[in-house]
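Undergrad:
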Amino acid sequence: MNLAVNTLLFFCLLCFRFCSSASNFITTTRFLKDPKTLISKNADFKLGFFSPTNSTNRYLGIWYNNKDFNGESEVVWVANRDSPLKDSSGMLKISDDGNLRVLDAKNKIHWSSNISSFNVKNSSVAQLLDTGNLVLLSNDGNSTIWQSFDHPTDSFLPQLKLVFNKNKDDNYLQSWKSGNDPSQGRFRIVRLPRSLPELGIVKGNTIYYRSGPWNGYIFLGMPYPRSDISTGFTVVDAQDGTLEISYGMADRSLLQRFVLTYDGNLVQKNWNDSSRNWENKWQSLDSECDIYGKCGAFTMCNPTKTPICECLTGFEPKKVNEWSKGNWTNGCVRKTPLQCNSVGDDSDKFMQLKQIKVPDYGERILANPESCENKCLEKCECVAYSYYPGIGCMLLNLSLVDMQQYSTSGADLFVRLARSDMPGKTPKLKPKETQFHDLPLFEFTALVTATNDFSVVNKLGQGGFGPVYKGIWEDGQRIAVKRLSRASEQGLQEFMNEVVVISKLQHKNLVRLLGCCVEGDEKLLVYELMPNKSLDAILFDPVHCKILDWQKRFEIIQGICRGLLYLHRDSRLRIIHRDLKLSNILLDEELNPKISDFGMARIFGTKQDQANTQKIAGTYGYMSPEYAMEGRFSEKSDIFSLGVVLLEIVSGRKNSNFQDYESVNLVTYAWKLWNEDDMLSLIDPTVLKPCFEAQILKCIQAGLLCVQESPVDRPSVSTLISMLDIDDIENLPFPKQSGFARSEASGSDGTPRDGRERCSENWVSLTALNGR
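Take the sequence shown: its position 358, counted from the start at 1, is 358 in UniProt numbering, and no numbers get skipped.
1. Start and end of the alpha helix (DSSP H) containing K698?
2. Could you tell me the alpha carbon to alpha carbon distance between V717 and N280, rounded to whole angstroms?
3. Report yes if the C-beta distance between I356 and A411 is below 8 Å; otherwise report no.
4. By the DSSP assignment, the alpha helix (DSSP H) with I557 in it spans what residues?
5. Sorry if obvious, but does the Cβ on G314 come closer than 7 Å to a heavy atom of the ligand ATP?
6. Closest by CA to V75, which one among L312, A238 and T261?
7. Give the straight-line distance between the Cα atoms of R194 and S596, rounded to the nearest whole angstrom.
8. Excluding sequence positions up to five away, which residues of its chain have a Cβ less than 8 Å from the Cβ of L646?
9. Check for me: the alpha helix (DSSP H) holding G643 runs from which residue to which?
10. So L312 packs on V415, CB below 8 Å; how close in whole Å?
11. By Cβ distance, which residues of its chain are closer than 7 Å to N330, with the 5 residues on each side in sequence left out?
12. In this structure, does DSSP put S718 in helix, strand or coil?
13. Helix, strand or coil for V401? Go by DSSP, reduced to three states.
14. With respect to the beta strand (DSSP E) encompassing residue 793, which residues constitute its N-terminal and C-terminal limits?
15. Would you mind sorting E378 into buried or exposed? The rule is 16 or more other CB atoms within 10 Å of its CB.
16. Based on Cα-Cα distance, which residue from D44, D97, R569 and P52 lies nearest to L128?
17. Kindly list the residues whose CB is nearer than 7 Å to the CB of L567, restricted to its own chain and excluding five residues on each side of it in sequence; keep chain order.
18. Would G739 pass as a contact of S656 if the rule is Cβ separation under 8 Å?
19. Tell me, please, whether the region 78 to 93 touches the region 47 to 58 by the rule of three or more beta-carbon pairs shorter than 8 Å.
20. Quick one: using the 10 Å Cβ neighbour count with 16 as the cut-off for buried, is E709 buried or exposed?
21. Can you check DSSP and say which residues form a bridge with F45?
22. Buried or exposed: which applies to V468, given that a residue is buried once 16 or more other Cβ atoms fall within 10 Å of its Cβ?
23. In the DSSP assignment, the alpha helix (DSSP H) including F444 goes from what residue to what residue?
24. Does the beta-carbon distance from C380 to C332 come in below 8 Å?
25. Given a threshold of 16 other Cβ atoms within 10 Å of its Cβ, counted over all protein chains shown, does K689 qualify as buried or as exposed?
26. Measure from the alpha carbon of K533 to the alpha carbon of each residue in V543, D579, K736 and S583, then state which is nearest.
27. Taking the alpha carbon of Y388 as the point to measure from, which residue in C372, P733 and C382 has its own alpha carbon closest?
28. Should the region 450 to 462 be regarded as contacting the region 298 to 312, the criterion being three or more beta carbon pairs within less than 8 Å?
29. According to DSSP, which residues form a beta bridge with G392?
30. CA-CA distance, C669 and K325?
31. If you run the structure through DSSP and keep just helix, strand and coil, what is S138?
32. Which value, in whole angstroms, describes the spacing of the CA atoms of R33 and S274?
33. What are the complete beta strand (DSSP E) segments, minimum 3 residues, inside the region 489 to 548?
34. Check whether the Cβ atoms of Y148 and I62 lie closer than 8 Å to each other.
35. Looking only at DSSP bridge pairs, what is Y469 linked to?
36. Among residues of its own chain, excluding the 5 on either side of F31, which ones have a beta-carbon nearer than 6 Å to its beta-carbon?
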């Protein structure tokens with residue numbers, strides 16, 4: 001009798017506890033069967049079975065309720081991620097041993113909470129909470145026996161606690177395998193084995209991204225504007241080596257989560273009620289510089305520069321040939337050995353770098369800001385130090401790896417150098433009156449002062465010739481100084497070539513050379529400064545590209561064509577540029593284009609149509625077939641490069657580094673779309689408007705005419721300008737086979753080639769026996 005009464009009372013309590021939310025729990029007698037769902041008390045989350053986009057597999061998952069669910073983009077947790085059901089017979093139930101289980105029609109277990117029977121024998125209720133947490137409760141409803149928050153998949157939610165144990169990471173985030181496959185992917189978040197609390201995204205066993213050390217407020221390698229921070233992180237570093245990370249929302253009415261995407265990016269997503277969509281507010285991989293060790297040891301990665309990698313002052317590339325080709329993985333090495341334990345004039349000094357992502361493997365020691373430098377000098381293995389509030393003194397005793405230049409936030413880093421490698425201070429001198437190929441010849445010391453000792457802060461970029469720095473004369477004139485690098489494969493011949501060629505040219509769409517400097521081993525060119533840098537730096541930047549609407553892009557196209565017409569026809573010399581590409585198109589204050597970099601240019605005679613060379617110079621992706629394969633160049637090889645430039649401007653996509661299943665580069669992709677009569681798919685959607693459609697299509701057709709396989713078929717630049725000026729595109733000729741379209745579409749045996757394996761960087765200019 002007493003047993004019956006107790007049982008009745010128990011079920012009455014259950015009814016009282018859950019009667020107001022009868023759809024948010026299951027019991028030993030109440031199952032969840034596909035397609036039924038559970039909804040949390042305040043209807044914030046939903047638990048049920050779903051199928052990802054383009055998939056018939058069924059998974060038990062949790063997603064946001066009433067947020068226009070459109071598939072996997074809303075799912076925050078998946079139970080049977082590695083064991084999908086093949087039909088809609090799935091069921092979630094509490095089994096006889098007290099565990100939660102996902103079963104199919106044949107009672108095959110596809111997932112289980114997997115708690116020992118002893119620990120779950122008193123469980124009888126599972127409930128979906130408004131935090132998105134699925135909990136398995138004890139009989140009295142007061143104890144949580146198991147919860148999904150202890151076993152996250154790819155999403156980090158408010159109130160979820162990530163716990164990283166010293167010897168075992170039980171609840172790390174792990175990405176989906178792909179956008180429509182929730183099985184365990186390649187990327188996961190772990191605690192890095194460092195002396196300071198630090199997280200990493202790893203790909204297999206390889207570090208892919210590093211958060212930087214925790215300073216009590218943020219991870220130093222995860223900077224974003226303070227105005228965007230609606231998240232309060234809590235990090236607890238326990239004495240037993242356990243690291244706990246959680247976060248809460250200042251405004252709980254806001255919806256926010258972090259997602260580790262299948263391609264290894266940790267993204268902060270906020271719900272926008274107005275657009276009824278999730279917006280990306282922050283992401284860990286904002287540029288290539290965020291990839292761990294992108295540039296190798298003793299380098300600085302700067303996403304605003306081209307190329308993005310450079311050696312620190314006092315260091316030089318470890319492998320010069322690979323570095324000049326854009327392979328930076330081997331990093332840089334010190335030019336002059338450190339003078340450990342030396343004193344006085346021979347002692348090592350420290351070069352200050354500001355707003356830096358501190359390198360990996362920082363060691364925290366007890367020291368105040370004044371003694372931190374001495375602590376580093378006392379250790380021969382110490383190569384740099386940093387002092388940051390909330391952390392204190394950090395010594396770097398290994399190679400400096402994974403450094404990045406930030407525009408905001410970051411820390412000050414002091415790099416140890418031999419005294420002879422420290423940037424010097426030299427008084428500025430006025431330019432000499434001496435003329436060199438009709439150009440002023442500047443003193444090297446004047447350029448040192450104008451560029452603040454060629455400071456890394458003033459570095460604008462780097463090409464095959466060497467680095468380029470911005471500078472300013474005492475009278476306020478701004479300049480750009482191109483300095484021949486010792487690692488450059490372009491030597492005195494290319495330097496002299498550029499001096500000779502550009503000193504004789506003057507046009508509003510060509511960059512203006514102000515002078516040069518030849519002193520000892522130093523060879524420098526001084527240009528007018530182009531404040532908006534190169535066209536590729538803006539066009540391929542997801543933020544800055546917005547200033548290039550179609551009207552501005554068309555004006556840039558016209559300006560490039562006028563500059564090339566001057567080189568080919570209107571100047572006193574006939575110039576073949578041989579390296580026309582987006583990174584060699586500079587933009588002034590008003591985004592007017594100016595062709596630059598004449599180190600590869602060649603002067604033609606008045607009756608000369610083409611020339612041959614055994615020394616191929618230029619950039620793959622922009623080089624015409626006859627030049628890349630046979631060494632023949634002419635005006636029409638520049639026209640081919642111009643055609644690639646047109647297609648890149650119209651599409652907003654790079655010709656190389658292009659990934660499409662059927663096309664190995666942008667040219668072959670454009671040719672495929674032309675044959676399919678689908679040219680609208682090529683156009684950058686940010687500029688496609690009905691009023692511009694005809695003009696944009698005309699530019700695409702003109703671009704395809706320029707990249708035709710046979711040089712004879714390509715128009716001259718004057719003809720091209722006429723094409724762009726006419727309103728009617730129906731009278732334009734139809735393009736023929738594009739260059740490389742046939743040869744790159746298949747291998748010698750006729751089998752398709754994987755375009756992703758053929759992609760190569762396109763910002764470096766080289767002189768080499770074989771093209772890149």
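A virtual CB, placed ideally from N, CA and C, is assigned to each residue, including glycine. Note that the structure is predicted; figures quoted are calculated from it, not measured.
TA: Checking against the coordinates, here is how it stands:
1. Looking up residue 698 in the sequence shown gives position 698. Segment E693 to C706, the alpha helix (DSSP H) holding K698.
2. Position 717 of the sequence shown, counting from 1, holds the residue named residue 717. Position 280 of the sequence shown, counting from 1, holds the residue named residue 280. C-alpha separation (whole angstroms): 43 Å.
3. Numbered from its first residue, the sequence shown carries residue 356 at position 356. Numbered from its first residue, the sequence shown carries residue 411 at position 411. Result yes, Cβ atoms of I356 and A411 sit closer than 8 Å.
4. For the purposes of this step, residue 557 is taken as residue 557 along the sequence shown, with counting starting at 1. Where I557 is concerned, the enclosing alpha helix (DSSP H) stretches over W550 to L565.
5. Within the structure as shown, the ligand ATP is missing, as the structure has no ligands at all.
6. As a position in the sequence shown, residue 75 is number 75, starting the count at 1. If we check each option's Cα against that of V75, T261 comes out closest.
7. Position 194 of the sequence shown, counting from 1, holds the residue named residue 194. Position 596 of the sequence shown, counting from 1, holds the residue named residue 596. Their Cα atoms are separated by approximately 46 Å.
8. Reading the sequence shown from its first residue, position 646 is the one you call residue 646. I557, C699, I700, A702, G703 and C706, listed in sequence order.
9. Start at 1 with the first residue of the sequence shown, and residue 643 comes out as number 643. Taken as a continuous stretch (DSSP letters only), the alpha helix (DSSP H) holding G643 covers E635 to S651.
10. Here the question's residue 312 lines up with position 312 in the sequence shown. Here the question's residue 415 lines up with position 415 in the sequence shown. L312 to V415, Cβ: 6 Å. Contact.
11. On the sequence shown, residue 330 is found 330 positions in, with the first residue counted as 1. G296, K318, K319 and E322, listed in sequence order.
12. Taking the first residue of the sequence shown as 1, we reach residue 718 at position 718. Helix.
13. The residue you call residue 401 lines up with position 401 of the sequence shown. In this structure, V401 counts as coil in the three-state DSSP scheme.
14. Outside the shown range of the chain, which is 1 to 772, sits residue 793, and nothing can be said about it.
15. Locating residue 378 in the sequence shown gives position 378, where the first residue counts as 1. Counting every other CB atom within 10 Å of its CB across the protein chains shown gives E378 a total below 16, marking it as exposed.
16. Position 128 of the sequence shown holds residue 128. Considering only alpha carbons, the answer is D44.
17. Looking up residue 567 in the sequence shown gives position 567. Hits under 7 Å: I575 and H577.
18. Translated into positions along the sequence shown, residue 739 becomes position 739. Translated into positions along the sequence shown, residue 656 becomes position 656. No. Outside cutoff.
19. At 8 Å Cβ cutoff, the stretches touch.
20. Here residue 709 is taken as the residue at index 709 of the sequence shown, counted from 1. Counting Cβ neighbours within 10 Å, E709 comes out buried, since at least 16 surround it.
21. Stepping through the sequence shown from its first residue, residue 45 is reached at position 45. Partner(s): Y64.
22. For the purposes of this step, residue 468 is identified with residue 468 of the sequence shown, where counting begins at 1. So V468 counts as buried.
23. Residue 444 sits at position 444 when you count from the first residue of the sequence shown. Start and end: F444 to A450.
24. Your numbering for residue 380 matches position 380 in the sequence shown. Your numbering for residue 332 matches position 332 in the sequence shown. Contact flag unset, no.
25. Looking up residue 689 in the sequence shown gives position 689. Exposed is the call here.
26. The residue you call residue 533 lines up with position 533 of the sequence shown. Residue S583 is the option with its Cα nearest to K533.
27. Numbered from its first residue, the sequence shown carries residue 388 at position 388. It is C372 whose Cα lies nearest to the Cα of Y388.
28. Contact between the region 450 to 462 and the region 298 to 312 is present, because at least three Cβ pairs lie under 8 Å.
29. For this step, residue 392 is matched to residue 392 along the sequence shown. Answer is Y388, bridged to G392.
30. Indexing the sequence shown from 1 puts residue 669 at position 669. Indexing the sequence shown from 1 puts residue 325 at position 325. Before going on, a small fix: residue 669 reads as Tyr here, not Cys. Taking the straight line joining both Cα atoms gives about 26 Å.
31. Within the sequence shown, numbered from 1, the residue matching residue 138 stands at position 138. Residue state, collapsed to three classes: strand.
32. By 1-based counting over the sequence shown, the position of residue 33 is 33. By 1-based counting over the sequence shown, the position of residue 274 is 274. It should be pointed out that residue 33 corresponds to Lys in this sequence rather than to Arg. Each residue's alpha carbon lies about 34 Å from the other.
33. 513 to 519 and 522 to 528
34. Taking the sequence shown and counting its residues from 1, one reaches residue 148 at position 148. Taking the sequence shown and counting its residues from 1, one reaches residue 62 at position 62. Rather than Tyr, the amino acid found at residue 148 in this sequence is Ser. Their beta carbons are under 8 Å apart, which means S148 touches I62 by this criterion.
35. Stepping through the sequence shown from its first residue, residue 469 is reached at position 469. Y469 pairs with K459 and V481.
36. Start at 1 with the first residue of the sequence shown, and residue 31 comes out as number 31. Contacts found: M91 and K93.
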